[in-house]
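*Asks:*
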Ligand code: 1CP
């Protein structure tokens, strides 16, 4: 059966396909990371890049949260910028990604090579094989990539930014070059995600973390066609595709046109509205505010219940936070969250 992992029904894969499952599945964006003491202990000895490039360590970090919490999915430990390093882009993690020579010209875009995942990022594929071997029964592995426009933001600005002004100016000043770059990234991420699926990833996720910087018109002109190109190339694999769109409330009517299985959203959009806009043929993922994990236990229960109520009882909801978990979160709050979703969902 399609939603089965190692002979055991996966609530997560069932929800991706909008089929009823044994319980409401839950996982947490950035679930492997600094809020876990065991991650910090490893990270004190090994830098981030080495963690992602050493398959045994990347697999260990991926599995750490699964040992603590009965999560319904694991996510590969890597970064959205990792495949770009494989394409020859020099960057460092400080800890956020910083690109040595930001992309600003057509000549730079034309010089970008195509990605060949097995040649350029073999360690990612090896990490996936190791994780699969170590996962508990019934827990699938999510592979991921950055969505093309979000990658463009880092490539053009060169570093994190609140408003990514240089990236937005690039869309207006050099629209043709921007489209060329987005097309190149769309193809590279299609190749990268297909290789992850072949290596054993059972679901694929595209992170559109900076979509909310765009007005619907520019989103439809630049970001959306690039995601559509990546998604179209992945369809034949038959692996569920999740598209996470951050701060995308005004973009959801456009997102509804995408051929993806699941739309992930931040906490600002009530899930009942999201369901109405994206329609009955897509599952939804989200969307508790990561700040809610700082509520007293009794209050957290109410906030979890509110998200479940908004999501409704129809199949096709994956519980998650609306964005990545904060590094100063108490792991005990995560344990309570997971239990509460499983009890009530
Ligand atoms: O020092 C450290 O430990 C490095 C911090 C770090 C970590 C733990 C970075 C640098 N990346 C990661 C891992 C990571 N990044 C994962 C796997 C962890 C997990 O989920 O369990 C994933 C899925 C990502 C994806 C990612 N990287 C996104 C999309 C998700 C999101 O949060 O919106 C983005 C935007 C990035 C860029 C990035 N890489 C690192 C940082 C600190 C950032 C954010 C920079 C910024 O705010 O602009």
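Numbering (this note's numbering), first residue to last: 68 to 412. Here a beta-carbon is modelled for each residue, glycine too, at the ideal position from N, C-alpha and C.
1) For residue 239, count neighbouring Cβ atoms within 10 angstroms of its own Cβ and tell me buried if that reaches 16, exposed if not.
2) Tell me the rounded alpha-carbon separation between residue 68 and residue 381.
3) With DSSP as the reference, please indicate the residues paired to residue 353 in a beta bridge.
4) Tell me whether residue 161 is buried or exposed, calling it buried when 16 or more other Cβ atoms sit within 10 Å of its Cβ.
5) Between residue 190 and the ligand 1CP, is the CB less than 7 Å from at least one heavy atom?
6) Between which two residues does the alpha helix (DSSP H) harbouring residue 52 extend?
7) Where does residue 157 sit, in a helix, a strand or coil, going by DSSP?
8) Can you tell which of 80, 331, 305, 346 has its C-alpha closest to the C-alpha of residue 445?
9) How long is the line joining the alpha carbons of residue 305 and residue 270, rounded to whole angstroms?
10) Against chain D, does residue 339 count as a neighbour if the rule is that its beta carbon must be under 8 Å from one of theirs?
11) Considering only the alpha carbon of each residue, which of 235, 260, 85, 296 lies closest to residue 379?
12) Leaving out five residues before and five after residue 234 in sequence, what residues of the same chain have Cβ atoms less than 7 Å from its Cβ?
13) What are the boundary residues of the beta strand (DSSP E) that includes residue 164?
14) Use the C-beta contact count for residue 365: other C-beta atoms within 10 angstroms, 16 or more gives buried, fewer gives exposed.
15) Is residue 391 closer than 8 Å to residue 148 when the C-beta atoms are compared?
16) Would you say the region 169-176 touches the region 104-117, given that touching needs at least three Cβ pairs under 8 Å?
17) When DSSP labels each residue in this structure, what does residue 133 get in the three-state scheme?
18) Say yes only if the C-beta of residue 142 is nearer than 7 Å to one or more non-hydrogen atoms of the ligand 1CP, and no if none qualify.
19) May I have the straight-line CA-CA distance separating residue 200 from residue 335, to the nearest angstrom?
20) By how many angstroms is the C-alpha of residue 408 removed from the C-alpha of residue 401?
21) Taking the continuous beta strand (DSSP E) assigned at residue 102, which residues delimit it?
*Replies:* For this structure:
1) exposed
2) Because residue 68 carries a pLDDT of 41, less than 50, the predicted location of this residue cannot be relied on, and no value is offered for it.
3) 386
4) exposed
5) no
6) The shown model of the chain, from 68 to 412, leaves out residue 52, and the question about it has no answer.
7) coil
8) Limits of the chain in this structure are 68 at one end and 412 at the other, which puts residue 445 out of reach.
9) 9 Å
10) Checking the listed chains, one finds no chain D in this structure; it contains a single protein chain.
11) 85
12) 219, 220, 223, 224
13) 164-166
14) exposed
15) no
16) no
17) helix
18) yes
19) 37 Å
20) 11 Å
21) Looking at the DSSP string, residue 102 is not in any beta strand (DSSP E), and its letter there is neither H nor E.
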